[in-house]
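Below: one structure, written as structure tokens.
Protein chains in written order, with the working numbering: chain A, 170 to 530; chain B, 170 to 530; chain C, 170 to 530; chain D, 170 to 530.
Following this line, the structure appears as structure tokens:
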């Protein structure tokens, strides 16, 4: 058996907990260190998960020679610099979505990792979500004929991390936060054909007091093969996370619902601990999920990435894929401003997607 | 009790059967005559439904002094001339969707009926569909807060009437055929605020051998009050009719499904008579509906229109509403060609919506 | 057109409101009078529904020569005497379930109506519930093959009328109140073959403080043709009415759910007026029904009974059917005491079913 | 890290494949050998799964000193002798359900394993099914209040192994094959309180040409704490496996469906490879599952048993539990003959449960 892959976690919030729990289910991985700048966070995180090393400066984590691979859950505006530093330190990188804030940074990250001979892996867990993996098998098997329309949607009542309200740090609102899932989902599901055009309808409909970013969006992609894809995203949907997909084809159709179609339908007069992400109250009717990380595919995703590092395999989702998603995000924000379908490829020097929707004056 | 309203049916196809069955459930109505130009059709229709009079020429039907009101299920390109003739004959008109082929015709129809003092009623049955009526009550009661996104979708595997494949007669494809339902649904659900813009994505993805009209469409409306509406329409969806709506608001969300969420979930090894419109085979799993006309709201709709005539009330859906839908349809086809959001009000002299998507050369 | 049937309502509680609302949707009926002993109730009921006559003594209602038919929603222990009086007055009778308290009374009621030449109609609305009517059509059409197992279940959190807690008046608990629905449902669905045996499991699991009647029950019927039927009944199920059926056959299976499979799935942060019978709170997720009376089949049922009177037709559900249900109820309570399957036909002089489960000492 | 647990598989049919696939997902286990008497079966099985050793005689497998634990998927009538031999060889035993054919054998197996100091583990995977594990957590957390009624049901169209049609080898029909799942599910869900009584309704409704065993059954258990449990089992249900549970309590209710509520709802005009166990055709509508072993809990179950062996922990489900289930099965068949509720504890010298229903003449 090959030696275990030692992993460094950068970040200590929501997604970093999920990554760590998932890595613990992966026999080939060992979580070796965690870094988070807020005083005390890394220490508490390490204590909770039994991680031997913790730092407030991620440079110290990268300096550990034992670390093979890092998994980054930091704010979007730090993705580029962390990747460059990790590449310089010879560490493989698993980067949480979205890849980074702009296309120039994406190119820099991809270039640096390539030059350093480390893998840049893009953490799009929908490509590992078991129900969606089966959905792709159905499509690939011909069960649905040639695809015509493909849909994916994520909706809840607002971002986990408060820095996401600040578009300077996040680069954009719900499209940037959750639309990026749908975009890579579409590319993966269809075998990554070229994208011809993007149209987006965005609005700040409920959270104007908190952000100037978009809190609701509809995004339409046309692929070069004629398939149309529709993403629906919302930060204003109450009642718990909603994550659904549909594939329509010339010979059939399939519907997949990760929550209401998967959960235990429950009525509780007095409520209980936890139903699902963003569920609000658990009194009355609710839809509790089970094995939540597994149902989203997080352990499977990280097991795959660990395997890529351990056995030098190409990752299913790479930095190039993350860049392709980012290009679509920029095109989507451009479309939201102009009210036009934007053709791809799309070039832009914009620093962040949001700037194309609401240019700084 | 007021005297019964005598009704003339113009048309003998799919929808005219539904209208007649529905009128028979309406105590205040009596189906008195039917007209259809194809030799034998009106006779067979009259025999089947026990209607006393039948004609091949609708002018003869309009000449009957007993007839109070006509219900028109003829091809789209005949809607205008029938309405003008009915107005001249002093008959109230219930016009099947879409109202007619172009805005000039719509204005002529509205003007003629107004001048003649007869009602022009627009047969949008979704405004009477019981599940959707309850959905509107939920929204109006404040259960969902302020609306943000509203969705409606109809999908099946192709039009009932073959003339719909010919865009010269139908005026357009699935957007014209089924998109018009969604547009009036949105207007009605929201209390008919002004529409600010329309964007449409159309394609002929499966039925290129049969039509140059659109067989799949996504349509996005922005209302003046900021609400976004999304219509999904398809003529390529197998497995039976799909008719669904969602209302998302700042305080809640509601999902209504007329078929899978309403039907009897059934497995039959050998199949049976009928599951639902366009179901294809009934072997294996299927979703049979029950009281199909009632579940769509046809009898309720026609009872309302009969009541409008009997007691001189304004109809819930009028010729003006039909015209407003038509304006959106023109804007949608314009958007499909230009790839741009089209602002409303939208003026056009085009003869039919399809011409704006694929202009004649 | 035949003359309208004038109807007298006896009772002013939950079910009498439903009966009256339903009769108003029936063109051939006119609600002419209401009687209820509690001072003020009949007056308020008449005012609410626009009924011309109201009485505290039902004998006065029966004395009205105009009344053709009565619809009884009174407590179970009054069913017999009201029917005898109505027969003596020459009025047709629609009797709410269960028919009465014991078999001797049932025989008396049937005999009196037969002798007086009036119809005794048994108000089992499940035989008119549109979804169940379609379910029966599926079975009858052969879609499911030969039936093997048939299930029906009604569950909510307790009876509408408080007198139902008193087994002396009601004759029994949830089996008497709701099990009677399932029993007639089974008979009707299968074409009323003889019943071979009955087994019942009963308990007072939650409401011991309110009643000595059963609040939860499982009842198994064996029909002479080998089909097994399973009824589940509960007065302790929170979260709103649950009314479901399944038919399993040698060639297929069908599932029908009147509520969760029919409703609008809704999340409301602040709640709204009404979701469904016994729903409790409407905050959070709920399943609002629509056209509730129609979905249960009440107007269809009463239209049928009015038609039976108007045109002298045999009712779909008669006093004899009500008696057959009562026989099964007695056998069920006998089984609950003995822990044995009880063979039918079952003779008993017991005054009420409950007495067989918990004999008076 | 402790050394890996080497596992021997006894059997080469349906369930042995599932066991082997599941063990491969378990880092601490290594499948080391397989034994199956049919010539060629063990060889093919070993080749397919990459297992180093294969035998036609399980005694040879037991003779391997490296083997720590066996997992038995052999016919029911061999369970006892295999366990006795394994105990004598000092191997831990995972025994597929039902434990064995009669109570005397069960006592012998338990005694032999205890004396030999090896673990006897009972492979009831429902205790590891993720959705049911979450359901138990909901109940244990108080979300549903005190339990009143608990239901579990498994239905498909007939046993995988043909020897199950022969009651001499299987010991009984669908109650023996699938009812045993429900019985242990109830015990586990409720914390294994004593069972007070058992009532069973059995019939051979469809497969009389193949078996004299029961192919449909309803089983009612009363627990000492007053909770009632209802098991529904069928070997005649078409359209794919159905596996569902409900827990009703004084404060709430929860519904869990492993298939229709978990699957991807799919329509395929031409069909595809596999939807779900016993699905029949995949043309038209179907409900494909994904990660089927995981969704049932097989890998989790075997990981647990491997952990019990590796770290000397008590198994969640033991031979004693398997015996308790068997006692209920005997009582159920007794009840099916007598038409009476059978009180527990129940003693019997019967050789197999079926003999109590249809005694040999």
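All C-beta atoms in this analysis are idealised placements derived from N, C-alpha and C, irrespective of residue type, glycine included. A quick note: this is a predicted structure, and the numbers were derived from the prediction, not measured.
For this session: Let me know the secondary structure DSSP gives residue 450(C) once reduced to three states.
Result: coil
Exercise. What residues in the segment 401-431 of chain C bring their beta carbon closer than 8 Å to a beta carbon of chain D?
Worked result: 401, 403, 405, 406, 407, 408, 417, 419, 420, 421 and 422
Problem set entry | Contact set between residue 377(C) and chain B, taken where Cβ atoms lie within less than 8 Å | Within chain B, no residue comes near residue 377(C); the closest Cβ sits about 37 Å away, beyond 8 Å.
For this session: Starting from residue 447(B), find everything on chain D with Cβ-Cβ shorter than 7 Å and list it in chain order.
Result: Result: empty, since nearest Cβ-Cβ is about 12 Å, beyond 7 Å.
Exercise. Is the shortest distance between the beta-carbon of residue 170(B) and the beta-carbons of chain A less than 7 Å?
Worked result: Caution is warranted here: a pLDDT of 47 is assigned to residue 170(B), below 50, making its placement in the model unreliable, and the coordinate value is therefore given only provisionally. False, the Cβ-Cβ gap to chain A never drops below 7 Å.
Problem set entry | Under 7 Å (Cβ pairs) to chain B, residues found in the segment 285-300 of chain C | 299 and 300
Exercise. When Cβ atoms are compared, which residues of the segment 498-512 of chain D fall closer than 7 Å to chain C?
Worked result: 508, 509 and 510
Problem set entry | DSSP state of residue 433(D) mapped onto helix, strand, coil | coil
For this session: Work out the CA separation of residue 275(D) and residue 521(D) for me, nearest whole Å.
Result: 12 Å
For this session: Please compile the residues from chain B whose C-beta is within a distance smaller than 8 Å of the C-beta of residue 338(C).
Result: Residues of chain B passing the Cβ test: none, with the nearest at roughly 36 Å.
Exercise. In the segment 302-321 of chain C, which residues sit with their C-beta less than 7 Å from some C-beta in chain D, listed in chain order?
Worked result: 317 and 318
Exercise. Which residues of chain B have a Cβ atom closer than 7 Å to the Cβ of residue 457(C), listed in chain order?
Worked result: 303 and 307
Exercise. What is the DSSP secondary structure of residue 170(C), reduced to helix, strand or coil?
Worked result: The pLDDT assigned to residue 170(C) is 47, lower than 50, so where the model puts this residue is not dependable; a value taken from the coordinates is nonetheless given after this. Correct three-state label for residue 170(C): coil.
For this session: Flag this pair as yes or no: are the beta carbons of residue 338(B) and residue 244(B) separated by less than 7 Å?
Result: yes
For this session: Leaving out five residues on either side along the sequence, give the residues of the same chain with a beta carbon under 6 Å from the beta carbon of residue 230(A).
Result: 177, 202, 204 and 224
Exercise. Do you know whose CA, among 465(C), 361(C) and 382(C), lies nearest residue 491(C)'s CA?
Worked result: 361(C)
Problem set entry | Paired residues, beta bridge with residue 370(B) - DSSP | 387(B)
Exercise. Thinking C-beta only, is residue 263(A) closer than 7 Å to residue 292(A)?
Worked result: yes
Exercise. For the candidate residues 390(A), 334(A) and 377(A), whose alpha-carbon lies nearest to that of residue 355(A)?
Worked result: 390(A)
Problem set entry | Reduced DSSP secondary structure (H/G/I, E/B, other) of residue 445(A) | coil
For this session: Return the residue from the list 436(A), 505(A), 300(A) and 305(A) that minimises the CA-CA distance to residue 461(A).
Result: 300(A)
Problem set entry | Coarse secondary structure for residue 316(C), derived from DSSP in three states | strand
For this session: State yes or no: is the beta carbon of residue 389(A) nearer than 7 Å to at least one beta carbon in chain B?
Result: yes
For this session: Classify residue 301(B) as helix, strand or coil using the three-state DSSP reduction.
Result: helix
Exercise. Got a sec: is the Cβ-Cβ distance from residue 436(C) to anything in chain A below 7 Å?
Worked result: yes
Problem set entry | Interface flag, residue 343(B) vs chain A, CB-CB below 7 Å | no
Exercise. Is residue 178(D) helix, strand or coil when you go by DSSP?
Worked result: strand
Exercise. In terms of DSSP beta bridges, what is residue 399(B) paired with?
Worked result: 320(B) and 389(B)
For this session: Could you please give the first and the last residue of the uninterrupted beta strand (DSSP E) stretch that includes residue 290(B)?
Result: 289-292
For this session: Report buried or exposed for residue 329(B), applying the criterion of at least 16 other Cβ atoms within 10 angstroms of its Cβ.
Result: exposed
Exercise. Looking at the structure shown, is residue 336(D) part of a helix, part of a strand, or coil, going by DSSP?
Worked result: helix
Exercise. Is it a yes or a no for the segment 283-290 of chain D touching the segment 470-489 of chain D, going by three-plus beta-carbon pairs under 8 Å?
Worked result: yes
Problem set entry | 8 Å contact criterion, which residue 399(D) and residue 318(D) should meet: CB distance rounded | 7 Å
Exercise. From residue 511(A) to residue 502(B), what does the alpha carbon distance come to, in whole angstroms?
Worked result: 18 Å
For this session: Could you have a look at residue 410(D) and say whether DSSP puts it in helix, strand or coil?
Result: coil
Problem set entry | Beta-carbon separation (whole angstroms), residue 260(D) vs residue 238(D), contact threshold 8 Å | 6 Å
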